[in-house]
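In the numbering used here, the protein residues as written are 250 to 695. Built from N, CA and C at the ideal position, the CB exists for glycine as well.
Listed below in structure tokens is the structure:
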């Protein structure tokens, strides 16, 4: 009985020794024999090496006990252990939160539902945290439907606390796959007096999408002021296209290669020009980019003169007269650029700006129709024709916005009749027609 206990004890000690040795060879690596012919092992954390084999000359066997002692005093190993303990004490992954955040990311970035099944995405997530459980495409569809229901309830609660009325608008939008949808949007001022716009619903709308009024015109259609202004300015730029040809081609020539850009940069330094932003390419379908291209090019006018000497292949340098005309066109377009940025805002009301800004556009055009510069005059004439096509008859409904603006109120109504800024000029219809129209609109809205 005693011999059996002794053998079991010896066997247990052998197993313990094997476990210690297996752990040591995770921390240490055998690196071969040293100059003295003794086998050596190096610490994987601090790179210090130790003798572990038998010395052929002296017959001394170094063993591995000194390796075990080194483990307790190795600072690099202790720091590694501390880092491992900290990483293992991280907050466990909440799978529900993980799935909800993943669903919100797919919605926000317009990703396909199959994103969760991408092989490399799954490998990457497992590398970051093996505890994360990636779901299937069908599960993600279900999760996003739950997010939708949750957000719908939240929106109902927000709208239930609104202390005032809600304005509804509809608009046709097109997706990246060219599918048309009609969207219903609510606009309101929340309890914190912030203007909020929320998409309530949308429905697939098959073509054609025409501008014809529905309900026999009972519900009036108001044109987008920013879109109309864009059409007006585009009409003017058709005239100015030839006048801006050399400036446009100069920018295109310099931005055509890195070598030209570097050479032009040297010319900018030689000319002593210290402005930021650089040159901008023109986009023929966007007049505001044409304005920004012209504005940036005018800042580098002197540098273009230097560049003409440095690059013999450059044949488009504008003359002094063409530069001056470009300055006049830029000055002419500047108020239109400011107005369209103002009325295109989405974080503040714009209905009250309609009267003043449309009137300002009309005044600018009428002023420049008398310009001695033929290009500016022709631009103004063409733009005025387009202006009259869309805005000859002002929208009485939008004009009310100016009256309701606390900064304006009725000061335009009190201006003497016949004055340039009188309501008579705003609304040229006879009084009885105006009253009848206003009563009809009032009946539609109540």
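Looking at the structure shown, is residue i part of a helix, part of a strand, or coil, going by DSSP?
{"i": "residue 310", "result": "strand"}
{"i": "residue 300", "result": "strand"}
{"i": "residue 315", "result": "helix"}
{"i": "residue 326", "result": "helix"}
{"i": "residue 451", "result": "strand"}
{"i": "residue 289", "result": "strand"}
{"i": "residue 283", "result": "coil"}
{"i": "residue 524", "result": "coil"}
{"i": "residue 294", "result": "coil"}
{"i": "residue 530", "result": "coil"}
{"i": "residue 360", "result": "coil"}
{"i": "residue 346", "result": "helix"}
{"i": "residue 545", "result": "helix"}
{"i": "residue 591", "result": "helix"}
{"i": "residue 657", "result": "coil"}
{"i": "residue 278", "result": "strand"}
{"i": "residue 368", "result": "helix"}
Which residues in the same chain have their Cβ closer than 8 Å to the Cβ of residue i, if we skip the five residues on either side of it in sequence?
{"i": "residue 280", "result": "289, 290, 291 and 298"}
{"i": "residue 557", "result": "563 and 566"}
{"i": "residue 606", "result": "474, 588, 591 and 592"}
{"i": "residue 286", "result": "304, 305 and 306"}
{"i": "residue 312", "result": "301"}
{"i": "residue 456", "result": "429"}
{"i": "residue 341", "result": "380"}
What whole-angstrom Cβ distance do residue i and residue j have, given they're in contact under 8 Å?
{"i": "residue 348", "j": "residue 398", "result": "Actually they do not touch by this definition, with Cβ atoms about 15 Å apart."}
{"i": "residue 486", "j": "residue 536", "result": "5 Å"}
{"i": "residue 452", "j": "residue 431", "result": "5 Å"}
{"i": "residue 540", "j": "residue 579", "result": "7 Å"}
{"i": "residue 434", "j": "residue 446", "result": "6 Å"}
{"i": "residue 415", "j": "residue 437", "result": "5 Å"}
{"i": "residue 560", "j": "residue 512", "result": "6 Å"}
{"i": "residue 612", "j": "residue 555", "result": "Incorrect: roughly 40 Å between the Cβ atoms, too far for contact."}
{"i": "residue 501", "j": "residue 510", "result": "That pair is no contact at about 12 Å."}
Indicate whether residue i and residue j have their beta-carbon atoms separated by less than 9 Å.
{"i": "residue 499", "j": "residue 567", "result": "yes"}
{"i": "residue 295", "j": "residue 321", "result": "no"}
{"i": "residue 585", "j": "residue 617", "result": "no"}
{"i": "residue 478", "j": "residue 449", "result": "no"}
{"i": "residue 484", "j": "residue 623", "result": "no"}
{"i": "residue 529", "j": "residue 522", "result": "no"}
{"i": "residue 506", "j": "residue 527", "result": "no"}
{"i": "residue 492", "j": "residue 574", "result": "yes"}
{"i": "residue 632", "j": "residue 482", "result": "yes"}
{"i": "residue 396", "j": "residue 353", "result": "yes"}
{"i": "residue 614", "j": "residue 629", "result": "yes"}
{"i": "residue 610", "j": "residue 572", "result": "no"}
{"i": "residue 547", "j": "residue 576", "result": "yes"}
{"i": "residue 454", "j": "residue 488", "result": "no"}
Taking 6 Å as the limit between beta carbons, can you name the residues of its chain near residue i, skipping five residues before and five after?
{"i": "residue 667", "result": "With a pLDDT of only 49 at residue 667, under 50, the local geometry of the prediction cannot be trusted, and the value read off the model is given with reservation. Closer than 6 Å at Cβ, skipping near neighbours: no residue."}
{"i": "residue 497", "result": "531"}
{"i": "residue 410", "result": "440"}
{"i": "residue 620", "result": "626"}
Residues in its own chain within less than 7 Å of residue i by CB, not counting five upstream and five downstream?
{"i": "residue 553", "result": "499 and 566"}
{"i": "residue 383", "result": "365, 371 and 374"}
{"i": "residue 598", "result": "444"}
{"i": "residue 363", "result": "386"}
{"i": "residue 277", "result": "290, 291, 292, 293 and 316"}
{"i": "residue 310", "result": "303"}
Would you verify that the beta carbon of residue i is, or is not, closer than 9 Å to some beta carbon of chain D?
{"i": "residue 298", "result": "In the displayed structure, chain D is absent; only one protein chain is listed."}
(request) Tell me the start and end of each unbroken alpha helix (DSSP H) in the segment 470-512 that is at least 4 residues and wholly inside, in chain order. (result) 474-489 and 494-503
(request) With a floor of 3 residues, list each beta strand (DSSP E) that falls wholly inside the segment 371-440, ordered by position along the chain. (result) 416-423 and 429-438
(message) Could you tell me which whole alpha helix (DSSP H) segments of length 4 or greater appear in the segment 612-655?
(response) 623-640 and 645-653
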